[in-house]
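Numbering (the numbering used here), first residue to last: 61 to 323. From the three backbone atoms N, C-alpha and C, an ideal C-beta is built for every residue, glycine too.
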Ligand SMILES: NC(=O)c1ccc[n+]([C@@H]2O[C@H](COP(=O)([O-])OP(=O)(O)OC[C@H]3O[C@@H](n4cnc5c(N)ncnc54)[C@H](OP(=O)(O)O)[C@@H]3O)[C@@H](O)[C@H]2O)c1
């Protein structure tokens, strides 16, 4: 299938590693020009080089902490300076710390909101006017299966990510007439550094080995394993494409069947 997005321009947030990187690479393979961003400069520039050598598309790496509004402003400004438009926005960020309600101060809550919710609001606020001008846009938010089924010990993630779902559905209503489509993807357990971090954390708390925890993490998934980043990226790229032209306001799991609810 030709996805029809060659020469479109995408900003992929938090994309030097993991799900963001896999999505950036997937878009690049479709001929999409990219801006990628993350905090660690060395890893970010290495990722940009890897994507360029694999796909020959243009990649602009911009160092950015997505929890800082002025950093996001700069990512969008540099993207417009280089490409003169933004067609696709992939909202993504690192995960907030693990823990239960009494483990967190109000400051921890503030930081989680800035990292996972406010970054999505800020990026969307910055790019939608450009999309509206061109009567074409795709926004895909990478959230978590926690929005369908809260995960034990992930109080901040369970709470803050739910706000993204409300934002996305409301944006999809308001900007549908401008052909700006907004959707959410909910990863279950996908093998990235985030899963390694969560598995180490769980191994320490339960007194188990890392390998035991990883096996446990795959054992209650109906397809019997943890997912691969490109398995999530495939959906993110499709939802970013011309072919997804009648899909908006949806929230789709990529979890091998892990979440137990009907919807
Ligand atoms: N993997 C899963 O199974 C899974 C499941 C559910 C939800 N999620 C969520 O999906 C998102 C991506 O997860 P992942 O597994 O891809 O994580 P990852 O492998 O740890 O990669 C995170 C990426 O985001 C960047 N990043 C982190 N904090 C950032 C910040 N403040 N500003 C800019 N960039 C930042 C990192 O680079 P720098 O550190 O250099 O900034 C890195 O490139 C997270 O929110 C995670 O909680 C993942």
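Grab me the residues of residue i's own chain with a C-beta within less than 7 Å of its C-beta, minus the 5 sequence neighbours each way, in chain order.
i, result
"residue 61", "303"
"residue 308", "232, 236, 241, 242 and 243"
"residue 142", "120"
"residue 270", "259, 260 and 263"
"residue 284", "278"
Looking only at its chain, what residues have a beta carbon closer than 6 Å to the beta carbon of residue i, apart from the 5 residues adjacent to it on each side?
i, result
"residue 299", "200 and 243"
"residue 152", "73, 74, 80 and 202"
"residue 89", "115"
"residue 292", "79, 247, 250 and 314"
"residue 198", "148, 241 and 300"
"residue 186", "136"
"residue 210", "218"
DSSP three-state call for residue i: helix, strand or coil?
i, result
"residue 122", "strand"
"residue 156", "coil"
"residue 63", "coil"
"residue 166", "helix"
"residue 216", "helix"
"residue 177", "helix"
"residue 191", "helix"
"residue 300", "coil"
"residue 320", "coil"
"residue 305", "coil"
"residue 203", "coil"
"residue 209", "coil"
"residue 128", "coil"
"residue 262", "helix"
"residue 267", "coil"
"residue 273", "helix"
"residue 135", "helix"
"residue 68", "coil"
So who's on the other strand from residue i, going by DSSP bridges?
i, result
"residue 198", "148 and 241"
"residue 311", "244"
"residue 250", "287"
Taking Cβ positions, are residue i and residue j nearer each other than 9 Å?
i, j, result
"residue 145", "residue 72", "no"
"residue 213", "residue 278", "no"
"residue 224", "residue 166", "no"
"residue 195", "residue 206", "no"
"residue 168", "residue 241", "no"
"residue 181", "residue 227", "yes"
"residue 17", "residue 84", "Since the first residue shown for the chain is 61 and the last is 323, residue 17 is missing from the structure and cannot be characterised."
"residue 125", "residue 133", "no"
"residue 95", "residue 122", "yes"
"residue 175", "residue 117", "no"
Among residues of its own chain, excluding the 5 on either side of residue i, which ones have a beta-carbon nearer than 8 Å to its beta-carbon?
i, result
"residue 295", "245, 312 and 314"
"residue 171", "127 and 156"
"residue 77", "98, 103, 107, 252 and 253"
Whole beta strand (DSSP E) runs in the segment 70 to 122 with 3 or more residues, listed along the chain? 93 to 98
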